[in-house]
Amino acid sequence: MELLDVFLKRRSVRKYTGEQIAKEKIEKILYAGLSSASGRSRQPWELVVVQDKEVLKKLSESRVGAAKMLENAGCAIVVFADTEKTDVWIEDCSIVMSNMHLMADSLGLGSCWIQGRLRDAENGITTEQYCRELLHVPENYVLEAMLSIGILEEHPKSRKVEELPMEKVHWGNW
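Using numbering that gives the first Met the number 0, you'd call the opening residue of the sequence shown number 0 and step up by one each time.
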(Lines of atoms letter the chains of each structure in order from A; the text may use other names.)
(Lines give C-alpha, C1' and ligand atoms only; values in the text may rest on other atoms or scores of the structure.)
Protein backbone atom coordinates (compact mmCIF):
# COMPACT_ATOMS: atom_id res chain seq x y z
CA MET A 0 0.00 0.00 0.00
CA GLU A 1 1.32 3.42 -0.93
CA LEU A 2 1.75 5.85 1.99
CA LEU A 3 -0.81 8.27 0.53
CA ASP A 4 -3.35 5.43 0.57
CA VAL A 5 -2.70 4.97 4.30
CA PHE A 6 -3.39 8.68 4.88
CA LEU A 7 -6.57 8.60 2.82
CA LYS A 8 -7.84 5.43 4.49
CA ARG A 9 -7.24 6.60 8.08
CA ARG A 10 -10.45 7.81 9.73
CA SER A 11 -11.47 8.46 13.31
CA VAL A 12 -13.41 5.47 14.60
CA ARG A 13 -15.63 5.69 17.67
CA LYS A 14 -17.49 2.36 17.58
CA TYR A 15 -15.66 -0.75 18.72
CA THR A 16 -16.63 -4.35 19.40
CA GLY A 17 -15.09 -4.34 22.90
CA GLU A 18 -12.73 -7.22 22.06
CA GLN A 19 -9.18 -7.32 23.35
CA ILE A 20 -6.36 -6.29 21.06
CA ALA A 21 -3.38 -8.59 20.51
CA LYS A 22 -0.30 -7.46 22.43
CA GLU A 23 1.77 -7.59 19.23
CA LYS A 24 -0.49 -4.99 17.61
CA ILE A 25 -0.34 -2.71 20.64
CA GLU A 26 3.45 -3.00 20.62
CA LYS A 27 3.61 -2.02 16.93
CA ILE A 28 1.45 1.02 17.68
CA LEU A 29 3.81 1.93 20.54
CA TYR A 30 6.85 1.45 18.27
CA ALA A 31 5.29 3.87 15.78
CA GLY A 32 4.79 6.44 18.54
CA LEU A 33 8.20 5.98 20.11
CA SER A 34 9.95 6.32 16.75
CA SER A 35 8.40 9.76 16.19
CA ALA A 36 10.37 12.83 15.27
CA SER A 37 11.11 15.11 18.19
CA GLY A 38 12.59 18.61 18.35
CA ARG A 39 16.27 18.28 19.27
CA SER A 40 15.45 14.61 19.98
CA ARG A 41 14.19 15.55 23.47
CA GLN A 42 11.32 13.00 23.38
CA PRO A 43 9.24 14.60 26.17
CA TRP A 44 6.46 12.04 25.94
CA GLU A 45 5.42 9.30 28.35
CA LEU A 46 2.81 6.75 27.23
CA VAL A 47 0.35 5.01 29.54
CA VAL A 48 -1.27 1.91 28.02
CA VAL A 49 -4.66 1.09 29.49
CA GLN A 50 -6.34 -2.25 28.79
CA ASP A 51 -8.27 -2.87 32.01
CA LYS A 52 -12.01 -2.57 31.23
CA GLU A 53 -12.82 -0.85 34.54
CA VAL A 54 -10.13 1.78 33.97
CA LEU A 55 -11.26 2.26 30.35
CA LYS A 56 -14.81 2.85 31.67
CA LYS A 57 -13.48 5.47 34.08
CA LEU A 58 -11.38 7.06 31.31
CA SER A 59 -14.57 7.34 29.22
CA GLU A 60 -15.73 9.89 31.80
CA SER A 61 -12.53 11.95 31.59
CA ARG A 62 -13.83 14.49 29.12
CA VAL A 63 -17.22 16.08 28.70
CA GLY A 64 -19.02 14.46 25.77
CA ALA A 65 -15.95 13.32 23.86
CA ALA A 66 -14.46 10.20 25.43
CA LYS A 67 -17.41 7.79 25.61
CA MET A 68 -15.88 5.49 22.99
CA LEU A 69 -13.23 4.46 25.52
CA GLU A 70 -15.80 2.39 27.39
CA ASN A 71 -15.92 -0.13 24.55
CA ALA A 72 -12.34 0.25 23.31
CA GLY A 73 -9.86 -2.59 23.55
CA CYS A 74 -7.13 -0.23 24.66
CA ALA A 75 -6.22 3.40 25.23
CA ILE A 76 -2.83 5.05 25.06
CA VAL A 77 -2.64 8.21 27.14
CA VAL A 78 0.12 10.64 26.16
CA PHE A 79 1.69 12.83 28.83
CA ALA A 80 4.70 15.14 28.52
CA ASP A 81 7.50 16.53 30.60
CA THR A 82 7.30 20.23 29.72
CA GLU A 83 10.75 20.86 31.23
CA LYS A 84 12.40 18.88 28.42
CA THR A 85 11.32 21.17 25.58
CA ASP A 86 9.09 24.09 24.67
CA VAL A 87 7.72 22.13 21.68
CA TRP A 88 6.23 19.29 23.73
CA ILE A 89 2.78 19.86 22.20
CA GLU A 90 4.13 19.39 18.70
CA ASP A 91 6.26 16.41 19.72
CA CYS A 92 3.35 14.65 21.44
CA SER A 93 1.09 15.42 18.50
CA ILE A 94 3.50 13.63 16.18
CA VAL A 95 3.43 10.62 18.53
CA MET A 96 -0.38 10.64 18.48
CA SER A 97 -0.50 10.94 14.71
CA ASN A 98 1.98 8.11 14.15
CA MET A 99 0.07 5.81 16.50
CA HIS A 100 -3.24 6.76 14.88
CA LEU A 101 -1.89 5.83 11.44
CA MET A 102 -0.29 2.61 12.66
CA ALA A 103 -3.54 1.47 14.29
CA ASP A 104 -5.39 1.92 11.01
CA SER A 105 -2.67 0.14 9.04
CA LEU A 106 -3.12 -2.84 11.40
CA GLY A 107 -6.86 -2.96 10.71
CA LEU A 108 -7.79 -1.34 14.02
CA GLY A 109 -9.95 1.68 14.65
CA SER A 110 -8.69 4.62 16.67
CA CYS A 111 -9.71 8.11 17.68
CA TRP A 112 -7.69 11.05 18.98
CA ILE A 113 -9.29 12.38 22.16
CA GLN A 114 -7.91 15.79 23.02
CA GLY A 115 -7.07 16.07 26.71
CA ARG A 116 -5.07 19.27 27.05
CA LEU A 117 -7.27 22.25 27.92
CA ARG A 118 -10.40 20.09 28.30
CA ASP A 119 -12.69 19.38 31.26
CA ALA A 120 -13.99 16.22 32.85
CA GLU A 121 -17.65 15.76 33.75
CA ASN A 122 -17.00 16.21 37.47
CA GLY A 123 -15.76 19.80 37.25
CA ILE A 124 -12.03 19.15 37.17
CA THR A 125 -9.79 19.24 34.13
CA THR A 126 -9.32 16.16 31.98
CA GLU A 127 -5.64 16.36 32.89
CA GLN A 128 -6.35 16.25 36.64
CA TYR A 129 -8.80 13.41 36.16
CA CYS A 130 -6.32 11.30 34.15
CA ARG A 131 -3.40 12.14 36.42
CA GLU A 132 -5.31 10.92 39.50
CA LEU A 133 -6.76 7.84 37.79
CA LEU A 134 -3.44 6.73 36.29
CA HIS A 135 -1.16 7.88 39.17
CA VAL A 136 0.86 10.23 36.97
CA PRO A 137 3.47 12.44 38.70
CA GLU A 138 2.62 16.14 39.01
CA ASN A 139 5.41 17.31 36.68
CA TYR A 140 3.74 15.70 33.62
CA VAL A 141 0.97 17.30 31.59
CA LEU A 142 -1.65 15.61 29.46
CA GLU A 143 -1.68 16.02 25.70
CA ALA A 144 -4.25 13.49 24.48
CA MET A 145 -5.58 9.93 24.54
CA LEU A 146 -5.84 7.49 21.67
CA SER A 147 -8.74 5.08 21.85
CA ILE A 148 -8.01 1.87 19.97
CA GLY A 149 -10.36 -0.96 19.20
CA ILE A 150 -11.57 -3.67 16.90
CA LEU A 151 -13.85 -1.63 14.68
CA GLU A 152 -17.43 -2.51 13.89
CA GLU A 153 -16.94 -1.15 10.38
CA HIS A 154 -14.36 1.07 8.73
CA PRO A 155 -15.64 4.46 7.57
CA LYS A 156 -15.31 5.23 3.87
CA SER A 157 -11.84 6.32 2.75
CA ARG A 158 -11.23 9.80 1.42
CA LYS A 159 -10.46 10.34 -2.24
CA VAL A 160 -7.76 12.63 -3.60
CA GLU A 161 -10.41 14.45 -5.65
CA GLU A 162 -12.23 15.37 -2.42
CA LEU A 163 -9.25 17.02 -0.75
CA PRO A 164 -9.58 20.82 -0.28
CA MET A 165 -6.87 21.89 -2.73
CA GLU A 166 -8.16 25.48 -2.51
CA LYS A 167 -6.28 25.64 0.80
CA VAL A 168 -2.96 25.29 -1.04
CA HIS A 169 -1.25 28.52 -2.17
CA TRP A 170 1.66 28.18 -4.59
CA GLY A 171 4.41 30.80 -4.28
CA ASN A 172 2.27 33.30 -2.33
CA TRP A 173 -1.22 33.65 -0.92
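Note that beta-carbon positions come from the ideal geometry of N, C-alpha and C, so glycine has one too.
Note: Tyr140 is bridge-paired with Asp81 in the DSSP secondary-structure output. Counted as a single uninterrupted DSSP element, the alpha helix (DSSP H) harbouring Glu90 occupies residues 88 to 105. Among the bridge pairs identified by DSSP, Trp112 is matched with Leu146. Closest by C-alpha distance to Cys111, out of Leu117, Ala120, Leu101, Asp119, is Leu101. If you draw a 10 Å sphere on the C-beta of Ser40, you find fewer than 16 other C-beta atoms in it, and that means exposed. Note that the C-beta distance between Ile94 and Ser35 is below 8 Å. Separation of Cys92 and Gly32 (C-alpha to C-alpha, rounded to the nearest whole angstrom) is 9 Å.
For the pair Leu7 and Arg158, the CB atoms are nearer than the 8 Å cut-off. Following the DSSP letters along the chain, one finds Glu45 in no alpha helix (DSSP H) but inside the beta strand (DSSP E) bounded by residues 44 to 49. DSSP places Ala31 in the uninterrupted alpha helix (DSSP H) bounded by 22 to 33. Proximity of the region 38 to 54 to the region 64 to 78 meets the contact definition, three or more beta-carbon pairs being nearer than 8 Å.
Within its own chain, the residues whose Cβ lies closer than 6 Å to the Cβ of Ala103, once the five positions on either side in sequence are excluded, are Ile28, Ser110, Ile148, listed in chain order. DSSP links Leu151 through a beta bridge to Tyr15. Of the residues assessed, Pro43 falls on the buried side of the cut-off, its CB having 16 or more other CB atoms within 10 angstroms.
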